[in-house]
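A short worksheet on the structure shown next.
Protein chains in written order, with the working numbering: chain B, 454 to 654; chain X, 336 to 558.
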C-alpha cells in the first residue's frame, strides 16, 4: 500500500476510526496532528472541502472520514471478499455513521443546553433502535462471520467513544459485546491504545 | 472465428453491462432516498422491480419488520434484503463500472458523494423543514455556496467529476441539484450560472437517453 499521511487534530474525533484500522493491521502511516508545526488554518485551504480528516496518498489529498475509512479498510482486506459482503459491511457502517454520528454533533457542539439535551434524547432513541438490528447482523464471531471487517472496528470505537456519552452499554447485546471484547484483546489494538499515539480525547 | 474471439475479449474488458442477478427495490412512492438508486439502474439500462409501498396493497408497516434496520429503501437481491441508500448505490455503481477505475478513484467518488449527501443535503433540508430566522437562512445559504465553489473545482473531466469518466458522483450531483436543491433553495436566477463545470455534469446526466426517458415517464410524486 502506498505511503499515506493522515492529517487531523490531536484528538480522536473523526480520525480515530482510520487510525484504528492501521493499528489493527499493525501498519505504518504518517499520523500528522495540527499544532505548532502545522496549523489547521494554514492547511484548510489545501483541502478538497475545507474539512479534515484528509488522507494524502502520492501527493494527492482525499477528504471525508468515512470515504477514507472505506478506502483504507479495502486496501487491508477489511471490506469482505465479495461485492455482496462489501454491501453488508457498508450498510452496517452506514447504520452507525449516517444514522447516528450526525446526531452526536449537536450533543457536543449544540448552541444551547436545550439543543444539546434534545439532541441527546434523539441520539439515545435512535441508538436503542439500531443496536438490536446490529445484533441480528452478526453472523459469527464478527459481523461477516470469522473475518474482521470495518463494521467490527466501527462498533468497537462506537462502544468506546459514543455509547458512554449516552449512558448505554452493550450488556444486552452478547454478539456485539463479543466483537468489542475480541478487539479489546487484540494485541495490535492493545498496543495502540496503550501508546502515546492514542489521543487522550 | 477470430472476429468472435475479438468481440468476446472486448466483452470481457468492457464487462457485462446487464447483470443477470434479479433486483427488486422497495421504497415509498416518491423520489427521496430511492431516486439515486433508480437513476443508477436506469443509466445502466438494468431491469429492476420498482416496488413502491401502498397503504392498501403493500403497506410499509407490514414490510418494515422484514428490513435490516426498519428503514427504506431496501434492495432485494436474489431474495436477500440490503439496506442504506448510499451503500446500495455504491454496490450497484461498482457492479456497473460507475465507481472509477481504481481504488483511489473510488475514494474520490465516495468523498464527493459524502460531501453532497452529508455536508450539503443536511443543511439544505433544514431550510425546508425548520423554522429559521433570516440570519440562520443566510448562514446556511452561505455555507452551501462555499460547497458549490469547492465542488466546481472537483470537476476534472469534460462533464464529469473524474477525468476517467462518469461515476455515480455525477449522478449523485444531478439527483441533489435537480430533485432536492431546486425544490428547497429559493433562488431568483439560474443558480448554476456561476458554475459551468457543475452545469456540464448536470447536462451529462440529464441528457443521457435512459435518464431522460425515466424523468419523463416516472410517476409524479409529492417528494
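By construction, the Cβ of each residue, glycine as well, lies at the ideal position given by its N, Cα and C atoms. Being a predicted model, the structure only gives us computed values, none of them experimental.
Please decide whether residue 502 (chain B) counts as near chain X, where near means a Cβ-Cβ distance under 8 Å. yes
At the 8 Å Cβ level, is residue 459 (chain X) part of the contact set with chain B, yes or no? no
Cβ-based neighbour list, residue 377 (chain X), same chain, cut-off 7 Å, excluding 5 preceding and 5 following: 545, 546, 549
Residues of chain B with CB closer than 8 Å to the CB of residue 454 (chain X), please, in chain order. 502, 504
Going by C-alpha distance, which of X:504, X:507, X:520 is nearest residue 474 (chain X)? X:520
Is it buried or exposed for residue 392 (chain X), if we count other Cβ within 10 angstroms and need 16 for buried? exposed
The alpha helix (DSSP H) with residue 687 (chain B) in it runs from where to where? The requested residue 687 (chain B) does not occur in the structure, where chain B is confined to residues 454 to 654.
With a threshold of 16 other CB atoms inside 10 Å of the CB of residue 541 (chain B), please say whether the residue is buried or exposed. buried
Between the stretch 504–518 of chain B and the stretch 356–372 of chain X, do at least 3 Cβ pairs fall closer than 8 Å? No: the two stretches stay apart, fewer than three of their Cβ pairs being nearer than 8 Å.
Contact list for residue 439 (chain X) against chain B, beta-carbon separation under 7 Å: 510
Rounded to whole angstroms, what is the Cα-Cα separation between residue 559 (chain X) and residue 457 (chain X)? This structure leaves residue 559 (chain X) out entirely; chain X is present only between 336 and 558.
Just to confirm, is the Cβ distance from residue 498 (chain B) to residue 514 (chain B) under 8 Å? no
How would you list, in chain order, the residues of chain D whose beta-carbon sits under 9 Å from the beta-carbon of residue 539 (chain B)? Absent here is chain D; the protein component of the structure consists of chains B and X.
As assigned by DSSP and simplified to three states, the class of residue 500 (chain X): strand
Nearest-angstrom Cβ-Cβ length linking residue 433 (chain X) and residue 501 (chain X), presumed shorter than 8 Å: 7 Å
Counting only Cβ pairs nearer than 7 Å, list the residues of chain X close to residue 474 (chain B). Ordered by position in chain X, no residue passes the 7 Å Cβ test against residue 474 (chain B), which lies about 14 Å from the chain.
To the nearest angstrom, report how far apart residue 626 (chain B) and residue 608 (chain B) are at their CA atoms. For residue 626 (chain B) and residue 608 (chain B), the distance between alpha carbons rounds to 12 Å.
With a threshold of 7 Å, establish whether the CB of residue 401 (chain X) neighbours any heavy atom of the ligand ATP. Ligands in the displayed structure: none, and consequently the ligand ATP is not present.
For residue 534 (chain B), decide whether its Cβ has a neighbour in chain X, counting only Cβ atoms nearer than 8 Å. No, residue 534 (chain B) lies away from the interface with chain X (no Cβ there is under 8 Å from its Cβ).
Taking the beta carbon of residue 519 (chain B) as the centre, do at least 16 other beta carbons fall within 10 Å, making it buried, or is it exposed? Residue 519 (chain B) should be labelled buried.
Residue ranges of each alpha helix (DSSP H) within the stretch 421–492 of chain X, 4 or longer: 438–449, 456–464, 469–489
From residue 481 (chain B) to residue 582 (chain B), what distance separates their C-alpha atoms? Computed Cα separation, rounded: 37 Å.
Taking just the CA atoms, how far does residue 464 (chain X) sit from residue 527 (chain X)? 23 Å
Considering just the uninterrupted stretch of the beta strand (DSSP E) at residue 412 (chain X), what are its terminal residues? Counting along the chain, residue 412 (chain X) sits inside the beta strand (DSSP E) bounded by residues 409–412.
Decide yes or no for the touch test of the stretch 561–580 of chain B against the stretch 627–646 of chain B: beta carbon pairs closer than 8 Å, at least 3 of them. no
From residue 524 (chain B) to residue 647 (chain B), what does the alpha carbon distance come to, in whole angstroms? 26 Å
Same chain, Cβ closer than 8 Å to residue 468 (chain B), neighbours up to 5 away in sequence not counted: 459, 461, 462, 505, 506, 518
Do residue 484 (chain B) and residue 650 (chain B) count as a contact pair if the criterion is CB distance below 8 Å? yes
Coarse secondary structure for residue 344 (chain X), derived from DSSP in three states: Low local confidence applies: a pLDDT of 45 at residue 344 (chain X) is under 50, so the model's placement there is unreliable, with the coordinate-based value given in what follows. Here residue 344 (chain X) sits in helix by DSSP.
Would a check of beta-carbon distances place residue 553 (chain B) closer than 8 Å to chain X? no
Test item: CB-CB of residue 551 (chain B) and residue 406 (chain X) under 8 Å: no
Cβ shell of residue 514 (chain X) (< 7 Å), same chain only, five flanking positions each side left out: 366, 370
Residue 572 (chain B) vs residue 559 (chain B) beta-carbon contact at 8 Å: yes
Specify, as a first and last residue, the run of the beta strand (DSSP E) that residue 514 (chain B) falls within. 513–516
By Cβ distance, which residues of its chain are closer than 7 Å to residue 533 (chain B), with the 5 residues on each side in sequence left out? 539, 541, 542, 597, 602
State the beta-bridge partners of residue 399 (chain B) as determined by DSSP. In this structure chain B extends from 454 to 654, so residue 399 (chain B) is not present and cannot be described.
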